[in-house]
Amino acid sequence: MSDVSREKIIVRTSMVGIGVNVLLAALKGAIGLLTNSIAVVLDAVNNLSDALSSLITIVGTRLAAKAPDKKHPLGYGRIEYLSALIISVIVLYAGITSLIESVKKIIHPETPDYSILSLLILAAAVIAKILLGNYFKSVGKKVNSGSLIASGSDALNDAILSSSVIVSAVLFLTLGLKLEAIVGVVIAIMIIKSGLELIGDTLDELLGKRPDSELSKSVKATVASEPEVQGAYDLVLSSYGPDRTIGSVHIEVPDTMTADRIDALERRITANVLEKHNVFLTGISVYAFNTSSDESRKIQDAITDMVMAHKGVLQIHGFYHNPESKLILFDTVLDYAYQPKELHRTIVEEVTKAYPDYHVQITLDTDFSD
Numbered sequence: 001m002s003d004v005s006r007e008k009i010i011v012r013t014s015m016v017g018i019g020v021n022v023l024l025a026a027l028k029g030a031i032g033l034l035t036n037s038i039a040v041v042l043d044a045v046n047n048l049s050d051a052l053s054s055l056i057t058i059v060g061t062r063l064a065a066k067a068p069d070k071k072h073p074l075g076y077g078r079i080e081y082l083s084a085l086i087i088s089v090i091v092l093y094a095g096i097t098s099l100i101e102s103v104k105k106i107i108h109p110e111t112p113d114y115s116i117l118s119l120l121i122l123a124a125a126v127i128a129k130i131l132l133g134n135y136f137k138s139v140g141k142k143v144n145s146g147s148l149i150a151s152g153s154d155a156l157n158d159a160i161l162s163s164s165v166i167v168s169a170v171l172f173l174t175l176g177l178k179l180e181a182i183v184g185v186v187i188a189i190m191i192i193k194s195g196l197e198l199i200g201d202t203l204d205e206l207l208g209k210r211p212d213s214e215l216s217k218s219v220k221a222t223v224a225s226e227p228e229v230q231g232a233y234d235l236v237l238s239s240y241g242p243d244r245t246i247g248s249v250h251i252e253v254p255d256t257m258t259a260d261r262i263d264a265l266e267r268r269i270t271a272n273v274l275e276k277h278n279v280f281l282t283g284i285s286v287y288a289f290n291t292s293s294d295e296s297r298k299i300q301d302a303i304t305d306m307v308m309a310h311k312g313v314l315q316i317h318g319f320y321h322n323p324e325s326k327l328i329l330f331d332t333v334l335d336y337a338y339q340p341k342e343l344h345r346t347i348v349e350e351v352t353k354a355y356p357d358y359h360v361q362i363t364l365d366t367d368f369s370d
């Protein structure tokens with residue numbers, strides 16, 4: 001899907017959301033004022049915040065679609081994360097203000113005055129919110145828009161909250177129980193919870209989170225599918241907005257490959273990964289592995305057993321043994337749950353002791369991806 005068509009879909013979907021939420025806010029606001037219901041009024045305010053969220057989504061999508069330039073060579077895609085963060089803050093603010101107003105109504109209660117018509121309108125609003133929420137989430141997943149997915153989840157939560165307002169109204173009409181303000185508190189708490197979760201998810205994107213396991217594994221599989229590649233390691237993926245991912249990877253190739261063959265191999269890998277996964281590999285580094293020495297394979301097997309015996313070692317790769325220069329090279333990937341530097345120091349000492357005639361160089365790699 002092109003950036004232009006993606007932008008149009010997001011804008012069109014957000015416009016639908018604005019229209020529906022403004023209409024629902026007007027209806028609920030009128031019902032809330034006529035029936036003297038704080039819960040319905042707060043529900044109307046929540047719809048207005050949803051409409052504002054859709055407007056911010058449109059603005060963020062427009063800005064994120066700007067073409068890369070000299071100042072921002074990787075584009076403006078991360079603006080979508082900022083717009084999602086603004087939406088999250090608006091949701092949180094709406095929840096806090098709703099909580100304050102609901103507590104005031106608990107201290108100074110008022111008697112609501114519902115009608116059958118108002119309840120029917122509220123029920124129709126619940127159905128509209130369910131349909132809108134599913135629509136947002138479906139389109140959001142299709143075009144990989146975090147803002148639309150967040151708005152969809154928020155709309156489905158609103159449907160639950162509006163249902164609770166209807167339940168409190170029925171309880172008042174049938175049993176005379178005044179639960180308006182209490183329901184308002186529950187609504188406010190759920191809105192606050194939703195806002196905090198949205199903020200957390202967006203901050204993860206801005207800080208840079210671990211790439212999706214399925215994506216990283218499939219990229220490595222594509223890289224390793226080349227006959228000359230014995231393994232793909234140290235895959236780093238960085239997101240610069242939805243559908244804009246760059247990365248780097250280490251590949252292990254025979255020590256007999258010439259520079260021109262490696263160059264052709266790297267170009268094929270870059271093209272294949274871009275075509276299959278929409279990931280642009282900006283760098284491919286090379287490990288050489290021994291192809292002609294039985295001694296090298298025996299040493300590699302012995303060292304692998306020695307290193308992997310340590311709890312906390314996830315992987316050993318990039319092994320190379322040079323008997324002429326008395327050099328042993330390899331990388332280790334250690335679990336974050338352990339103290340990597342201390343474990344790395346222990347491994348270096350142990351391997352050096354086992355092979356005192358060699359210069360042992362062990363690189364401590366980071367567990368970037370699955």
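Going by the numbering used here, the final residue of the sequence shown carries number 370, and the count climbs one at a time with no gaps.
Here a beta-carbon is modelled for each residue, glycine too, at the ideal position from N, C-alpha and C.
Since the structure is predicted, the reported quantities are computational estimates derived from the model, not experimental observations.
Under DSSP, L334 takes part in a beta bridge, and its partners are V313.
The shortest CA-to-CA distance from E350 to any of Q339, H310, R78, S213 is the one to H310. Annotation: A44 to R78 spans about 31 angstroms, alpha carbon to alpha carbon.
Contact annotation, T13 with L148: C-beta distance approximately 6 angstroms; criterion of less than 8 angstroms satisfied.
With a beta-carbon spacing of about 6 angstroms, V273 and V219 fall inside the 8 angstroms limit used to define contacts. Contact between S238 and G231 does not hold, since the beta-carbon distance rounds to 22 angstroms and is not under 8 angstroms. Per DSSP, the continuous alpha helix (DSSP H) segment holding D204 begins and ends at 180-207. V91 and D154 do touch by the CB rule: their CB atoms are close to 6 angstroms apart, below 8 angstroms.
Bridge pairing for G95: absent [DSSP].
Within the same chain, Cβ atoms closer than 7 angstroms to the Cβ of I86 are found at I56, the five residues on either side in sequence being excluded.
In the three-state reduction of the DSSP assignment, H72 falls in the coil class, being assigned neither a helical nor a strand state. Relative to N36, the option among P254, D335, L343, E180 whose CA is nearest is E180. The closest CA to that of D255, considering only R267, T270, S293, is found on S293. Contact between the stretch 67-76 and the stretch 161-171 is not established, with fewer than three Cβ pairs separated by less than 8 angstroms.
Look at the stretch 269-321 and you find these whole runs of beta strand (DSSP E), each 3 residues long or longer: 279-289. Under DSSP, G247 shares a beta bridge with L237, L281. Judged by their CB atoms, Q339 and F319 are not nearer to each other than the 8 angstroms cut-off. The beta carbons of A150 and L198 sit about 5 angstroms from each other, so the pair counts as a contact at 8 angstroms.
Apart from sequence neighbours up to five positions away, the residues of its chain that approach S102 with a beta-carbon distance below 6 angstroms are A181, G184, V185, A188, ordered along the chain. Per the C-alpha coordinates, the member of V20, T304, Y76 positioned closest to V126 is V20. Annotation: D212 to K341 spans about 27 angstroms, alpha carbon to alpha carbon. The beta carbon of S296 sits closer than 6 angstroms to the beta carbons of N290, H321 from its chain, once the five residues preceding and following it are set aside; these are given in chain order. Here DSSP, grouped into helix, strand and coil, assigns P254 to strand. For H344, the secondary structure class from DSSP, reduced to helix, strand or coil, is helix.
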